[in-house]
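Peer 1: Got a structure for you, questions after.
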Amino acid sequence: MKLKKVMLIVLAIAIVVTAGFLLIKGRDIKKDNSGKIKIISSNFASYDFLRAIIGDNNDVELTFLIGPGKDPHSYDPTAQDLISIQKSDLFVYIGGEMENWADKVLDAIDSNTTEKICIADFVDTIEEKDVDGAEKEENEHDEEKNGAYDEHIWTSPSNAIKMVDALEKAMEKIDNSNSKKYKENSEKYIAQIKDVDNKIQNIVNNKVRDRLVFGDKMPMQYFIDYYKLKVSSAFNGCSTEIDPSASTIAYLENKVKEENIPVVLYIELNPGKVASIIANEAGDNCQAMQIQALHNVSLDDFNNGETWVSLMSRNIDVLKKALQ
Ligand SMILES: [Zn+2]
């Protein structure tokens, strides 16, 4: 009887220790033959933040799923993408209307072996807004739009910092042995984000006007709200339409003339045709300029190693011209 009790206790301890060991070891078990921890990010901002956090750690393999130079709104995962995500240790996505494909991917993921993070869960999301001047989309159902969050969360520095924090904690969870390094790297990166933020804030503080005009899509509502600016644009958020109507163009031309606005903006990966038309109509004192919404990077910028910080820094001169 006594012996049986001792054996039961020994067995119980063995189970607890094994379970604890498995919990601590956690995702290390997932490491494949390459021995590398595999991380996949759907969008560029999270990819860039993870790249900064991971730093020179060669044991981690980071993949930018959608890839440079492409429109994230028209991406659909291939069979190979699905397999890569299933094999990954961490999958980071934004979700929302832009990544509605994520649902089918998440269904196929074993959450015991792959950590998944909807990075939008870590910021204060806002609902999609109707922007001044913007073309109404004909096929847009109001029910679909109601309650949908604006998925372009990365455009405000405060959200960017929250994203870095969340991703740093996720890295610590799957690779605790390097937690000190991840913490250091993320602190360094957050300092760089704050530095760009200060430079932009300084321009905003010394502005002579507060309206930005986009002759394009306008995926920067978080940025606009953060710096307390006003905005007019040809399209709400990221419309699938390409050419605004004559009345939308006329409205924006009028706005630019009325408020003496010197810059009409267009976003990266866009040749800026509509912005140029509006700027030309407004006269010699107005020009079309590109602003980095960081929706994605061009292939050239990607190959040159451009980052959220370096791309957002390009906006400093543009904003100076537009607001001062
Ligand atoms: Zn978009």
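In the working numbering, the protein residues as written are -6 to 317.
We treat Cβ as the ideally placed atom computed from N, Cα and C, and that holds for glycine.
Owing to the predicted nature of the structure, the values given are computational and were not obtained by experimental measurement.
Between the alpha carbons of Asn50 and Arg307, how many angstroms are there, rounded?
Peer 2: Asn50 and Arg307: Cα-Cα distance of roughly 28 Å.
Peer 1: Reducing DSSP to helix, strand and coil, say where Thr56 ends up.
Peer 2: Three-state DSSP puts Thr56 in a strand.
Peer 1: Fully enclosed by the stretch 88 to 173, which beta strand (DSSP E) runs are 3 residues long or longer?
Peer 2: With a minimum length of 3 residues, the continuous beta strand (DSSP E) runs that stay inside the stretch 88 to 173 are 108 to 111.
Peer 1: Who are the near neighbours of Leu43 in its chain, counting only those whose CB is closer than 8 Å to its CB and skipping five residues on each side?
Peer 2: Correct list, in chain order: Ile32, Ser34, Leu55, Val85, Leu160, Met164.
Peer 1: In the DSSP assignment, the beta strand (DSSP E) including Ala286 goes from what residue to what residue?
Peer 2: No beta strand (DSSP E) holds Ala286; DSSP gives it neither H nor E.
Peer 1: Given 8 Å as the limit, is there contact between the stretch 239 to 249 and the stretch 194 to 202, that is, 3 or more CB pairs closer than that?
Peer 2: Contact between the stretch 239 to 249 and the stretch 194 to 202 is absent, because fewer than three Cβ pairs lie under 8 Å.
Peer 1: Please confirm whether Tyr215 and Ile119 have their CB atoms less than 8 Å apart.
Peer 2: Their beta carbons are under 8 Å apart, which means Tyr215 touches Ile119 by this criterion.
Peer 1: Have a look at Thr71, Ile112, Glu121, Val116 and flag the residue whose alpha-carbon is nearest the alpha-carbon of Val98.
Peer 2: Here the closest residue by C-alpha is Thr71.
Peer 1: Pull up the distance between the alpha-carbon of Ile284 and that of Ile260, whole angstroms please.
Peer 2: The alpha-carbon atoms of Ile284 and Ile260 are separated by roughly 5 Å.
Peer 1: If I'm right that Val302 touches Asn229 with Cβ under 8 Å, what's the distance once you round it to whole angstroms?
Peer 2: That belief does not hold up - the Cβ atoms of Val302 and Asn229 are roughly 28 Å apart, past 8 Å.
Peer 1: Using only the alpha-carbon positions, how far apart do His134 and Glu92 sit?
Peer 2: With a pLDDT of 47 at His134, under the threshold of 50, the predicted position of this residue should be treated as unreliable, though the coordinate-derived value follows. Each residue's alpha carbon lies about 18 Å from the other.
Peer 1: Can you tell me the Cβ-Cβ gap for Leu292 and Pro65, rounded? I've got them flagged as a contact below 8 Å.
Peer 2: In fact, because the Cβ distance is near 15 Å, the residues do not count as touching under 8 Å.
Peer 1: With H, G and I counted as helix, E and B as strand and the rest as coil, what does DSSP make of Gln194?
Peer 2: In the structure shown, Gln194 sits in a helix (DSSP, three-state: H, G or I).
Peer 1: Can you look up Gln280 in the DSSP assignment and give me helix, strand or coil?
Peer 2: Note: Gln280 maps to strand in three-state DSSP.
Peer 1: Return the chain-ordered list of same chain residues with a C-beta closer than 6 Å to the C-beta of Tyr40, the five sequence neighbours on each side being excluded.
Peer 2: Taken in chain order, the residues that qualify are Ser34, Phe57.
Peer 1: Measuring from each Cβ to the nearest heavy atom of ligand 1, keep the ones under 5 Å and list them in chain order.
Peer 2: Selection output, chain order preserved: Pro212, Cys231.
Peer 1: Is DSSP giving Arg307 helix, strand or coil here?
Peer 2: Here Arg307 sits in helix by DSSP.
Peer 1: So the beta strand (DSSP E) Ile30 belongs to, where does it begin and stop?
Peer 2: Note, Ile30: beta strand (DSSP E), 30 to 34.
Peer 1: Can you give the Cα-Cα distance for Glu128 and Ser104, rounded to whole angstroms?
Peer 2: So the alpha carbons of these two residues sit roughly 41 Å apart.
Peer 1: Under DSSP, the alpha helix (DSSP H) around Lys80 begins and ends at which residues?
Peer 2: Lys80 -> alpha helix (DSSP H) spans 72 to 80.
Peer 1: How far does the beta strand (DSSP E) with Lys210 in it reach, from first residue to last?
Peer 2: Here Lys210 belongs to no beta strand (DSSP E), and DSSP marks it neither H nor E.
Peer 1: Look up Gly265 in the DSSP assignment and give the residues it is bridged to.
Peer 2: Gly265 is not bridged to any residue.
Peer 1: Inspect the beta-carbon positions of Lys266 and Gly126 and report whether they are closer than 8 Å.
Peer 2: It is not a contact, given that the beta carbons lie outside the stated cut-off.
Peer 1: Tell me the residue span of the beta strand (DSSP E) that contains Leu43.
Peer 2: Not the beta strand (DSSP E): Leu43 falls in the alpha helix (DSSP H), residues 37 to 47.
Peer 1: What span of residues does the beta strand (DSSP E) with Leu223 cover, start to end?
Peer 2: The identity of residue 223 in the sequence shown is Lys, whereas the question assumes Leu. Looking at the DSSP string, the run of the beta strand (DSSP E) that includes Lys223 is 223 to 226.
Peer 1: Work out the CA separation of Asn169 and Pro264 for me, nearest whole Å.
Peer 2: Each residue's alpha carbon lies about 45 Å from the other.
Peer 1: Considering only residues of the same chain and omitting the five flanking positions on each side of Ile154, which have a CB-CB separation below 8 Å?
Peer 2: Result list for Ile154: Ile183, Ile186, Lys187, in chain order.
Peer 1: Out of curiosity, what's the CA-to-CA distance linking Gly89 and Asn273?
Peer 2: The alpha-carbon atoms of Gly89 and Asn273 are separated by roughly 36 Å.
Peer 1: Between the alpha carbons of Asp209 and Lys173, how many angstroms are there, rounded?
Peer 2: The alpha-carbon atoms of Asp209 and Lys173 are separated by roughly 43 Å.
Peer 1: Can you tell which of Lys109, Tyr175, Ile309, Asp100 has its C-alpha closest to the C-alpha of Asn199?
Peer 2: Among Lys109, Tyr175, Ile309, Asp100, the Cα nearest to that of Asn199 belongs to Ile309.
Peer 1: Count the other CB atoms within 10 Å of the CB of Asn278; is the residue buried (16 or more) or exposed (fewer)?
Peer 2: Exposed, since its Cβ has fewer than 16 Cβ neighbours within 10 Å.
Peer 1: Is the distance from the Cβ of Ala113 to the Cβ of Tyr142 below 8 Å?
Peer 2: Yes. Within cutoff.
Peer 1: What first and last residue would you give for the beta strand (DSSP E) that runs through Ile260?
Peer 2: Element bounds for Ile260: 256 to 260.
Peer 1: Applying the criterion that 16 or more other CB atoms from any shown protein chain within 10 Å of the CB defines a buried residue, is Val346 buried or exposed?
Peer 2: Within the shown structure, residues of the chain are numbered from -6 to 317, placing residue 346 beyond reach of any answer.
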